[in-house]
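Numbering (my numbering), first residue to last: 1 to 428.
Cβ atoms here follow ideal geometry from the backbone N, Cα and C, with glycine treated the same way.
To start, the structure under review is shown below, and the notes come after it.
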């Protein structure tokens with residue numbers, strides 16, 4: 001089959017002064033009849049997988065797999081600065097440049113591809129799966145078709161808007177192509193906060209295989225999303241560059257870190273610290289930590305002394321490392337199980353659900369939440385270890401002006417602290 005026919009959530013409640021927790025539980029089995037219940041063999045639990053990464057960025061997916069005990073054999077990344085980071089962080093791994101120029105894949109157990117999201121993002125170009133960037137996934141499928149021994153697992157990552165853009169055309173196309181090649185598949189929208197990071201970062205993870213049922217690994221456990229709660233005294237993240245139609249408001253966390261503009265203008269989120277009446281942006285080192293990297297992971301000073309601002313783009317485009325590690329561990333878990341319940345067909349003319357699967361000619365919706373686990377997390381203000389940068393008077397005043405003129409809902413205390421910050425910044 002030809003790939004193209006044409007080319008404010010709130011953080012969970014606290015259970016202790018500096019931690020949040022929800023118990024892990026298996027996916028609900030109330031739906032009947034049971035269509036499939038599978039488990040991976042016990043021999044796979046300690047198996048070390050070989051990983052090949054396409055669109056590797058700065059290695060978020062691959063670092064997660066490495067932390068789970070696996071090894072990358074080849075990483076492909078077009079951006080030279082990101083490739084420089086990969087070269088330092090994965091010194092024994094082959095680096096390649098252009099996915100469209102690859103003649104084949106190395107022999108591997110896992111093919112990981114966080115393919116470009118610019119054409120599938122709500123704030124991007126919205127050209128869809130046929131766009132010049134997101135359309136590069138076709139190169140992934142070409143490589144898979146050429147492979148005599150395909151990888152055991154395929155792991156794809158992208159933004160949730162792909163499920164609804166153009167009435168779900170992107171995800172339907174991907175599912176159709178995978179099934180035509182003989183793959184079973186499952187996908188799930190996952191929030192990075194589930195892994196103890198105070199960043200509200202929702203991403204779609206799709207796992208596919210010709211030889212294994214991917215549903216137990218991805219859909220077999222669920223912790224359910226925590227209940228929303230009031231702000232209280234906690235710090236709140238927002239996008240200071242917005243304020244007309246949205247805020248990216250996040251209680252006790254930051255909104256998704258963004259890659260910034262094509263001109264490499266950094267766009268870190270702002271944070272309101274109500275106890276200090278401070279409006280500030282986090283340090284790039286804390287942004288790296290919010291993605292699960294070690295501080296300094298993207299330091300490129302030796303390659304580009306003036307490239308500090310470009311680090312925001314690389315960090316904003318990265319995949320959450322703890323989420324990737326969880327996926328890696330699930331792929332080799334001998335305890336993985338899945339109960340499909342009553343099969344509910346997927347629509348042909350509208351958006352697809354937050355989680356779904358295709359297996360043995362059937363497709364179904366999964367009702368799992370975006371929180372497969374719920375690991376303890378520090379509050380945002382306690383998580384930040386590096387000095388924050390007060391937002392400038394110009395940026396604060398501009399945001400406040402847009403906010404007041406908008407129809408957005410916001411706390412009066414937030415408006416007052418914005419005005420206080422704008423008036424007092426630089427007086428100390």
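* Asked: Alpha carbon to alpha carbon, what distance is there between residue 108 and residue 102?
  -> 15 Å
* Three or more C-beta pairs closer than 8 Å, one from the region 49 to 63 and one from the region 320 to 332: is that the case here? -> Flag = yes, the region 49 to 63 and the region 320 to 332 touch.
* With a threshold of 16 other CB atoms inside 10 Å of the CB of residue 158, please say whether the residue is buried or exposed. => Around the CB of residue 158, 16 or more other CB atoms lie within 10 Å, so the residue is classed as buried.
* What are the boundary residues of the beta strand (DSSP E) that includes residue 153? -> Run containing residue 153: 153 to 158, per the beta strand (DSSP E) assignment.
* To do: Determine the direct distance from the alpha carbon of residue 288 to that of residue 344, and round the result to whole angstroms.
  => 40 Å
* Asked: Buried or exposed: residue 292, going by 16 or more other Cβ atoms within 10 Å of its Cβ?
  -> buried
* Asked: In whole angstroms, what separates the C-alpha of residue 90 from that of residue 294?
  -> 14 Å
* Report yes if the C-beta distance between residue 380 and residue 254 is below 9 Å; otherwise report no. => yes
* How many whole angstroms separate the CB atoms of residue 203 and residue 190, which I take to be in contact at a CB cut-off of 8 Å? -> Going by Cβ atoms, the distance from residue 203 to residue 190 rounds to 6 Å, so yes, they are a contact pair.
* With distances taken from CA atoms, which of 361, 359, 366 is nearest residue 353? -> 366
* Segments of 3+ residues assigned as beta strand (DSSP E) that fall wholly inside the region 270 to 311 -> 270 to 273, 278 to 281
* **Helix, strand or coil at residue 355 according to DSSP, with G and I counted as helix** => strand
* Spatial neighbours of residue 139 in its chain, beta-carbon cut-off 6 Å, leaving aside the 5 residues before and after -> 99, 100
* **Pick from 113, 407, 331 that is closest to residue 144, judged by C-alpha positions** => 113
* **Closest residue to residue 312 among 357, 355, 258 (Cα-Cα distance)** => It is 258.
* **residue 269 beta carbon less than 9 Å from that of residue 240** => yes
* For the beta strand (DSSP E) containing residue 191, list its first residue and its last residue. => That run of the beta strand (DSSP E) goes 184 to 191.
* Given residue 398 as reference, the closest of 421, 327, 387 once Cα atoms are compared -> Check the Cα spacing between residue 398 and each of 421, 327, 387: the tightest is with 421.
* Asked: Ends of the alpha helix (DSSP H) at residue 414?
  -> Counting along the chain, the alpha helix (DSSP H) containing residue 414 begins and ends at 412 to 424.
* Nearest CA to the CA of residue 185: which residue from 222, 141, 246, 359? -> Residue 359 holds the alpha-carbon nearest to the alpha-carbon of residue 185 among 222, 141, 246, 359.
* Which same chain residues, not among the five before or five after residue 147, have their C-beta less than 7 Å away from its C-beta? -> 104, 105
* To do: For chain D, find out if any of its Cβ atoms is closer than 9 Å to the Cβ of residue 191; answer yes or no.
  => The question asks about chain D, but that chain is absent: this structure has only one protein chain.
* Thinking just about the alpha-carbon of each residue, which of 87, 77, 92 is nearest to the one in residue 115? -> 77
* Asked: Should the region 405 to 416 be regarded as contacting the region 219 to 226, the criterion being three or more beta carbon pairs within less than 8 Å?
  -> no
* Asked: So what does DSSP say about residue 74, is it helix, strand or coil?
  -> Correct three-state label for residue 74: strand.
* To do: Following the continuous beta strand (DSSP E) through residue 177, name the residue where it begins and the one where it ends.
  => No beta strand (DSSP E) contains residue 177, which is instead part of the alpha helix (DSSP H) from 169 to 180.
* From which residue to which residue does the alpha helix (DSSP H) around residue 217 run? -> 215 to 219
* Have a look at residue 180 and residue 244 and give me their C-alpha separation to the nearest angstrom. => 44 Å
* Asked: Do you know whose CA, among 80, 50, 81, lies nearest residue 93's CA?
  -> 50
* To do: With DSSP as the reference, label residue 209 as helix, strand or coil.
  => In the displayed model, residue 209 falls within a strand according to three-state DSSP.
* To do: Mind checking which residues open and close the beta strand (DSSP E) that includes residue 110?
  => 110 to 113
* Limits of the alpha helix (DSSP H) - the one that residue 94 falls within -> Not the alpha helix (DSSP H): residue 94 falls in the beta strand (DSSP E), residues 94 to 96.
* DSSP bridge partner residues for residue 200 (one or two, in chain order) -> Answer by DSSP bridge pairing: none, since residue 200 is not bridged.
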